[in-house]
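Enquirer:
Residue numbers (our numbering), protein chains in the order written: chain A, 1 to 157; chain B, 1001 to 1114.
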């Protein structure tokens, strides 16, 4: 299976990050997997080894988001956010910020779900306040992504 | 054993989050020390120290422009950035592979709508 080719992740303009991904399930299911905390908790975990013990996701305009992650070494961080607009089963607009431990500038996120054959094409468009914030965010994401490879690296040396 | 001492220096340089953020900033284009110092709330000497480490690791280069010494990514730095983006992609893809499984598990319950 060539699952890697299904994902695109790229920057757009100075302040956007664009992610697209195809899913075999219809938009209703993909939308639900983004708005039901019990489901979100099962997949939004990042690199191997992290869990999300706290997952609050009140999917209505003005509703609050709080995700807390931790790993087996006891490291952890969290994210808070608010829903701005929801259109079942096609669109979610929310803002979020990470605490590392200081809050990062707000990331404005629009997630679209469109029918794509029998499945769904999901488009996530993130807007950061400025180019430097976006660069810092990518670096932070990289940092988390890199952790697993560092562990592998350590075992190789 | 240690075929490439520069490789060790590169990994050491990349182990620091500020230095990774500096590289991410330089991925957007050349920048002066002052420009690099601004987002980090660090003094210029502190940033200069990080820049020295990155330079010695072969990740960035500087050029002379009057009194300024703007920095930019060296080829190795660009390759390192590409590698990081690939790893970020991997972390995101990992999420969505899990989501595929969650969706597959949801599907049977949704068939024929309650």
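A virtual CB, placed ideally from N, CA and C, is assigned to each residue, including glycine.
Among A:38, A:17, A:79, A:31, which one has its Cα closest to the Cα of residue 88 of chain A?
Expert: By 1-based counting over the first chain, the position of residue 88 of chain A is 88. Comparing Cα-Cα distances from residue 88 of chain A to each of A:38, A:17, A:79, A:31, the minimum goes to A:31.
Enquirer: Answer yes if the stretch 7 to 25 of chain A comes into contact with the stretch 66 to 75 of chain A, meaning at least three C-beta pairs across the two stretches below 8 Å, and no otherwise.
Expert: No contact exists between the stretch 66 to 75 of chain A and the stretch 7 to 25 of chain A.
Enquirer: In chain A, what lies closer than 8 Å to residue 1030 of chain B by C-beta?
Expert: Taking the first residue of the second chain as position 1, residue 1030 of chain B is located at position 30. Within 8 Å Cβ-Cβ: nothing; residue 1030 of chain B doesn't reach chain A, min ~14 Å.
Enquirer: If residue 1028 of chain B sits next to residue 1059 of chain B, beta carbons under 8 Å apart, how far is it from one beta carbon to the other, in whole angstroms?
Expert: For the purposes of this step, residue 1028 of chain B is identified with residue 28 of the second chain, where counting begins at 1. For the purposes of this step, residue 1059 of chain B is identified with residue 59 of the second chain, where counting begins at 1. So it is not a contact: roughly 15 Å between Cβ atoms.
Enquirer: How about residue 81 of chain A and residue 97 of chain A: do their beta carbons lie closer than 8 Å?
Expert: By 1-based counting over the first chain, the position of residue 81 of chain A is 81. By 1-based counting over the first chain, the position of residue 97 of chain A is 97. For residue 81 of chain A and residue 97 of chain A, yes; Cβs fall inside 8 Å.
Enquirer: At a Cβ cut of 7 Å, what residues of the stretch 1090 to 1106 of chain B count as close to chain A, listed as they run along the chain?
Expert: Per Cβ criterion, the list reads 1090, 1091, 1092, 1093, 1094, 1095, 1096, 1097, 1098, 1099, 1100, 1102, 1103, 1106.
Enquirer: Going by C-alpha to C-alpha distance, which of A:110, A:22, A:61, A:52 sits closest to residue 78 of chain A?
Expert: The count along the first chain starts at 1 and reaches residue 78 of chain A at position 78. Nearest option by C-alpha distance: A:52.
Enquirer: Excluding sequence positions up to five away, which residues of its chain have a Cβ less than 6 Å from the Cβ of residue 108 of chain A?
Expert: Against the first chain, residue 108 of chain A aligns to sequence position 108. 95, 127, listed in sequence order.
Enquirer: Using a Cβ-Cβ cut-off of 8 Å, state whether residue 77 of chain A counts as contacting chain B.
Expert: Your numbering for residue 77 of chain A matches position 77 in the first chain. Not closer than 8 Å to any Cβ of chain B, the Cβ of residue 77 of chain A fails to qualify, so no.
Enquirer: Going by C-alpha to C-alpha distance, which of A:123, A:42, A:103, A:115 sits closest to residue 18 of chain A?
Expert: Here the question's residue 18 of chain A lines up with position 18 in the first chain. It is A:123.
Enquirer: On the premise that residue 86 of chain A lies in contact with residue 60 of chain A, defined as a C-beta separation below 8 Å, what is that separation, rounded to the nearest angstrom?
Expert: Indexing the first chain from 1 puts residue 60 of chain A at position 60. Indexing the first chain from 1 puts residue 86 of chain A at position 86. Contact holds; Cβ gap of about 7 Å.
Enquirer: Return the chain-ordered list of same chain residues with a C-beta closer than 7 Å to the C-beta of residue 155 of chain A, the five sequence neighbours on each side being excluded.
Expert: Within the first chain, residue 155 of chain A is the residue found at index 155, counting from 1. In this prediction, residue 155 of chain A scores a pLDDT of 35, lower than 50, which makes its location untrustworthy; the coordinate-derived value is nonetheless stated afterwards. Cβ neighbours of residue 155 of chain A beyond the five flanking positions: none.
Enquirer: Please check the pair residue 1051 of chain B and residue 33 of chain A, which I expect to be a contact at CB under 8 Å, by giving their CB distance rounded to whole angstroms.
Expert: Residue numbering aside, residue 1051 of chain B sits at position 51 when the second chain is read from its first letter. Residue numbering aside, residue 33 of chain A sits at position 33 when the first chain is read from its first letter. So it is not a contact: roughly 44 Å between Cβ atoms.
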